[in-house]
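Quick note, the sequences are listed as chains A and B, same order.
Residues are numbered in the working numbering as their position in the first sequence, beginning at 1, plus a constant of 6.
Residues are numbered in the working numbering as their position in the second sequence, beginning at 1, plus a constant of 78.
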Amino acid sequence: MATEHAPTASEYIVHHLTFLTNKKQEGLVDWSVFHLDTLFFSVGLGLLAVFVMARLASRATSGVPGRFQAAVEIVIEMVADQAKGIVHSPESRQFVAPLALTVFVWIFLMNAMDLIPVDLLPLMGQAVGLHYLRVVPTADLNATLGMSSAVLLLCLYYSVKIKGFGHWMHELFTAPFGAHPLLWPINFAMQLIEFVAKTVSHGMRLFGNMYAGELIFMLIALMGAAWAGTFGSGLLWIGGVIAGAIWAIFHILIITLQAFIFMMLTLVYVGQAHDSH
Amino acid sequence: MNLNATLFAQLVVFFILAWFTMKFVWPPIMKALDERASKIADGLAAADKAKSDLVLAERRATDELRKARESANELRAGAERQGAQILEEARAEAARIVAAARTAAEGEAEVAAQRAKEVLRDQVALLAVAGAEQILRKEIDAAKHADLLNQLKAEL
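This is the structure we're talking about:
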C-alpha cells in the first residue's frame, strides 16, 4: 500500500486492478505503455510451459510412459484429435495443432494464477518495492486481445495461402450475399464485421471471465478482511472462507473451460479460413 | 481496460511459443505416440499369431498322438499275428517230425519183421530139414532130396 492508513474497500479494489506499468497511461489507448506484470507472468508461464514440455518431449519414450508423460500425452492427443476434426489440411495442422496445444496449456496456466491467494503475490511484490502487481495475465484485455489478434493474423495468412489472394478477395466481396456489383460493399462490410467480431469476442470472452473471477476473489478477500473482533465481522470472515473455497473450486472448472474454449475457437477460426464460402 | 503495447508484445510471444512448441514439443511426443501405437499393434498381432500357432500345435500333437496309438495297435496286431503264425508253424513242424519219426519207426519195424520172418523161415527150414533129417536119416539121402527140400523152403 502506498498509503499508511488501512485502505477502504474501494481503494483496495482499485489498487488490485491497477497494472504495473513502465509509465502512466494517457487515455484509453496509449501504445507507449507496457503492462510489466502481465508481460512478466505471461512470458514466464509460457516459457515454463514450453520448456517443461520440451524437456519431457526430449526424453519421451515409446515404451511404458511415466505418469507425467502420460498426462501430457492425454492433453496432446486431445488437441490432436480436435485439430484433426476441425482443420482438414494436414500441412496446416503441422503448425496449427502445436499452436492449439500451446494456447491451451499457456492459457490454462495463466488462468490458474487466479487460484493463488489474491493478495499473496502483490504483498511479496510490495516487499521488493513493486506497488502494483496483477498476477493473472488473462485478466488483462491487452493479453487476450493480443492472442486473439494473433489468431486473426493466422486466419488471414491461411486464407491467402489456401485460397490464393485473388480468390480470397473475390470471396470477400461476393460472400455471403452474392456476386452482384451492388452487393459488393455490403458483402465486404459484412466480412469485415465478421472478422472484427470474431477477434474481439474471442479475446473479450476470456478476458471477461477471468476479470470477473478475479474481482470476485477480491470481494471475497474483503469479506475476510472485515474481521474486527465483533460477532458480525466474525460471521463475515467465516462467510469469506466458505465463499472463497466454493469460488476457488468452481474456478477450477472455469479456468480449464476457458482455456479449452479459447483453443477450440482458435482451431475453428483457422479451420474456417480453409473453407470456401 | 486500457489498450497499450502489451497487446503487441503478447501477440509476438504467442507466435514464438507456438513456434517453439511446433519445433521441440510436438514432433517428439507424436513420434513416441505413433511408435507406441505400432508397438502395441505388433504385440497384438504377435499374440494373435501365437494363439493360432498354439491351436495348430495342439492339433498336430493330437494327430501325432493318434498316429502313435494307431501304429502301436498295428504293431501289436502284427506281433500277435506273427506269434500265432510262428506257433502254427512250430506245431506243423512238430507234427511233421512226429509223422516222419513214426514212418521211420514203422519202416524199421517192418524191415526188422521181414528180417525176423526170413531168419525164422531159414530156421524153420533148417528145423524142418533137421527134423526131417532126424526122421529120414535112416532112409533118405540128403543129397538126393535137396531139390525137394529147397522147393519146400521156397514155399514157406
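Just so you know, even glycine gets a beta-carbon here, dropped at the ideal spot from N, CA and C.
Measuring alpha carbon to alpha carbon, tell me which residue in the options is nearest residue i.
| i | options | result |
| --- | --- | --- |
| B:VAL90 | A:HIS22, A:LEU45 and A:GLN31 | A:LEU45 |
| A:VAL124 | A:LEU54, A:VAL85 and A:TYR138 | A:TYR138 |
| A:SER16 | A:ILE258, A:LEU271 and A:LEU228 | A:LEU228 |
| A:GLU32 | B:ILE175, B:ASN80 and B:LYS145 | B:ASN80 |
| A:HIS22 | A:LEU158, A:GLN197 and A:ARG140 | A:ARG140 |
| A:GLY219 | A:HIS257, A:ASP146, A:MET196 and A:THR205 | A:HIS257 |
| A:GLY230 | A:LEU136, A:HIS41, A:GLY250 and A:ASN215 | A:GLY250 |
| B:ILE107 | A:LYS30, A:MET59 and A:HIS280 | A:MET59 |
| A:GLY50 | B:PHE92, B:SER149 and B:ALA183 | B:PHE92 |
| B:PHE102 | A:ASP43, A:VAL81, A:THR14 and A:THR108 | A:THR108 |
| A:ILE267 | A:GLY240, A:LEU225, A:MET210 and A:PHE237 | A:MET210 |
| A:LEU53 | A:PHE201, A:GLY235 and A:VAL111 | A:VAL111 |
| A:PHE201 | A:ARG73, A:LEU158, A:GLY245 and A:LEU259 | A:LEU158 |
| A:TYR18 | A:ALA203, A:ILE255 and A:LEU221 | A:LEU221 |
| B:ALA232 | B:GLU171, B:ALA177 and B:LEU198 | B:LEU198 |
| A:PRO128 | A:THR236, A:ASP43 and A:ASP36 | A:ASP43 |
| A:GLN5 | A:TRP233, A:GLN75, A:THR236 and A:TRP174 | Lying outside 7 to 283, the shown extent of chain A, residue 5 of chain A is not represented and no answer is given. |
| A:ILE82 | B:THR181, B:TRP104 and B:ALA179 | B:TRP104 |
| A:PRO191 | A:LYS204, A:GLY135, A:PHE74 and A:HIS176 | A:HIS176 |
| A:CYS161 | A:PRO13, A:ILE226 and A:THR205 | A:THR205 |
| B:VAL207 | B:ARG174, B:ALA119, B:ALA135 and B:ALA224 | B:ALA224 |
Which whole-angstrom value describes the C-beta separation of residue i and residue j, a residue pair presumed to lie in contact below a C-beta threshold of 8 Å?
| i | j | result |
| --- | --- | --- |
| A:VAL247 | A:VAL102 | Actually they are not in contact, since the Cβ atoms of A:VAL247 and A:VAL102 sit about 44 Å apart, beyond 8 Å. |
| A:PHE223 | A:TRP243 | A:PHE223 to A:TRP243, Cβ: 16 Å. No contact. |
| B:LEU95 | A:VAL56 | 5 Å |
| A:THR27 | A:VAL39 | 5 Å |
| A:ASP120 | A:VAL142 | 5 Å |
Checking 8 Å against the spacing of the C-beta atoms, do residue i and residue j come in under that value?
| i | j | result |
| --- | --- | --- |
| A:ILE113 | A:LEU263 | no |
| A:MET269 | A:ALA106 | yes |
| A:LYS169 | A:SER98 | no |
| A:GLN100 | A:LEU273 | no |
| A:PHE47 | A:MET153 | no |
| A:SER68 | B:ALA110 | yes |
| A:PRO104 | B:THR99 | yes |
| A:HIS41 | A:ASN148 | yes |
| B:VAL202 | B:LEU226 | no |
| A:TYR217 | A:ALA145 | yes |
| A:TYR164 | A:HIS280 | yes |
Give a single yes or no on whether residue i has its beta carbon closer than 7 Å to a heavy atom of the ligand MG.
| i | result |
| --- | --- |
| A:SER48 | No copy of the ligand MG occurs in the structure displayed, which carries no ligand at all. |
Task: the region 81 to 88 of chain B in contact with the region 83 to 94 of chain A per 3-pair CB rule at 8 Å - done: The region 81 to 88 of chain B is not in contact with the region 83 to 94 of chain A.
Task: Every unbroken alpha helix (DSSP H) inside the region 148 to 227 of chain A [4 residues or more] - done: Here the runs fully enclosed are 171 to 180.
TODO: Could you tell me whether the region 263 to 274 of chain A touches the region 56 to 65 of chain A, where touching means 3 or more Cβ pairs closer than 8 Å?
DONE: No, the region 263 to 274 of chain A does not touch the region 56 to 65 of chain A.
Open item on the list: Taking 8 Å as the cut-off, does the region 97 to 117 of chain B touch the region 175 to 182 of chain A (at least 3 CB pairs, one atom from each stretch)?
Closed with: No: the two stretches stay apart, fewer than three of their Cβ pairs being nearer than 8 Å.
Open item on the list: I'd like the ranges of any alpha helix (DSSP H) spanning at least 4 consecutive residues and lying wholly in the region 49 to 130 of chain A.
Closed with: 73 to 92 and 96 to 118
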